[in-house]
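S.K.: For the sequence shown, the residue numbers in UniProt numbering are 1 to 251.
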Amino acid sequence: MTMQSIRRILMVVELDSVQDLEVNCTWKLAMLGRFMWHLEWIGNLCWLLLCHFRMLLHTALNQEEHCIARLTAHFLKLLHLQELYLDSISFLDGRLHQCPGVSLLKDLGLGGVNMTSLSLEPLQILIERTSATLQDPDLSECGIMDSQFSALLPSLSLCSQLTTFSLCGNPISMAVPKSLLHHTVGLSKLSHVLYPGPWRAKRIARLFKKKKKKKKEKEKEEEEEEEEEEEEEEKEKEKEKEKKKRKKKKK
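Next comes the structure, spelled out in structure tokens:
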């Protein structure tokens, strides 16, 4: 669906009445940014899912940072957001934690986001900002290692409303659950903690390596397909220009 078609749909919707929004499109980050501009008019949004958007492999770093900064700026308008689900943490690097609306978050779903080689400092800050309301953070199948999780523990220990926490599918050792128990002993509402057994952790680590390799190959294929589509679009535009020129000459 084109952005023009989406805008036409949004024009007939009472955006103030929208509380749940799912954006599940294989858009480039810049395209997602053009859509996210409309969030300014969806002031009562409580539930938001963003997935399958992507950065092209050869995008310049400054261009990527600009796109992410613009995207996270739109979150400033979401003052009632309570549930957020992402399949990328690009927004965290764009300082999502600085947006006033995130302080009301109850659910934070990041399951399946590969964080193996990433710094979790932005996520750590986001958890601290939401510590008064966060109930159910999902970090399952994120490739989180022991050292990364240890960095998150002080922030998690501040979450007074925490009820459920999932670490399933991560290559962590048995030292992690013990450390988690030590840091969260004062959280009276925490009733469910999900984590993998030790024999599964090694197998999960191998699977993550394979997944990472396949993901890179898939991204490369998608980029090549997208470049071909863009070339076709350019050719079509050139044809249209030629037709218009011919019509003018005939007149």
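Quick reminder that beta carbons are idealized off the backbone N, C-alpha and C, glycines included.
This structure is a prediction, so every number in the text was calculated from the model and none was measured.
1) Do you know offhand how far L45's Cα is from K249's?
2) Exposed or buried, S155, counting other C-beta atoms within 10 Å across all chains shown (16 or more means buried)?
3) Between which two residues does the alpha helix (DSSP H) harbouring V176 extend?
4) Helix, strand or coil, according to DSSP, for S166 in the structure here?
5) Residues in the same chain with beta-carbon distance under 7 Å from L10, minus the five sequence neighbours each way, listed in chain order, please.
6) Do the segment 135 to 142 and the segment 108 to 115 touch if we need at least three Cβ pairs shorter than 8 Å?
7) Quick one: what's H192 bridged to in DSSP?
8) Should Q148 be labelled buried (16 or more other beta-carbon atoms within 10 Å of its own) or exposed?
9) Identify whether V23 lies in helix, strand or coil by the three-state DSSP scheme.
10) Distance check for T133 and M36, CA to CA, integer angstroms please.
11) How about C159 and M115: do their beta carbons lie closer than 8 Å?
M.R.: From the atom records:
1) Position 45 of the sequence shown, counting from 1, holds the residue named residue 45. Position 249 of the sequence shown, counting from 1, holds the residue named residue 249. If you take the alpha carbons of L45 and K249, they lie about 53 Å apart.
2) The residue labelled residue 155 in the question sits at position 155 within the sequence shown. Buried, by the Cβ-count rule.
3) The residue you call residue 176 lines up with position 176 of the sequence shown. Note, V176: alpha helix (DSSP H), 175 to 183.
4) Along the sequence shown, read from residue 1 onward, the residue named residue 166 stands at position 166. Note: S166 maps to strand in three-state DSSP.
5) The residue labelled residue 10 in the question sits at position 10 within the sequence shown. Closer than 7 Å at Cβ, skipping near neighbours: H38.
6) yes
7) Mapped onto the sequence shown, residue 192 falls at position 192. In DSSP, H192 forms a bridge with T164.
8) For the purposes of this step, residue 148 is taken as the residue at position 148 of the sequence shown. That one is buried.
9) Against the sequence shown, residue 23 aligns to sequence position 23. The answer is strand: DSSP assigns V23 an E or B state.
10) Within the sequence shown, residue 36 is the residue found at index 36, counting from 1. Within the sequence shown, residue 133 is the residue found at index 133, counting from 1. Cα-Cα distance, rounded: 25 Å.
11) Numbered from its first residue, the sequence shown carries residue 159 at position 159. Numbered from its first residue, the sequence shown carries residue 115 at position 115. Going by C-beta atoms, C159 is not nearer than 8 Å to M115.
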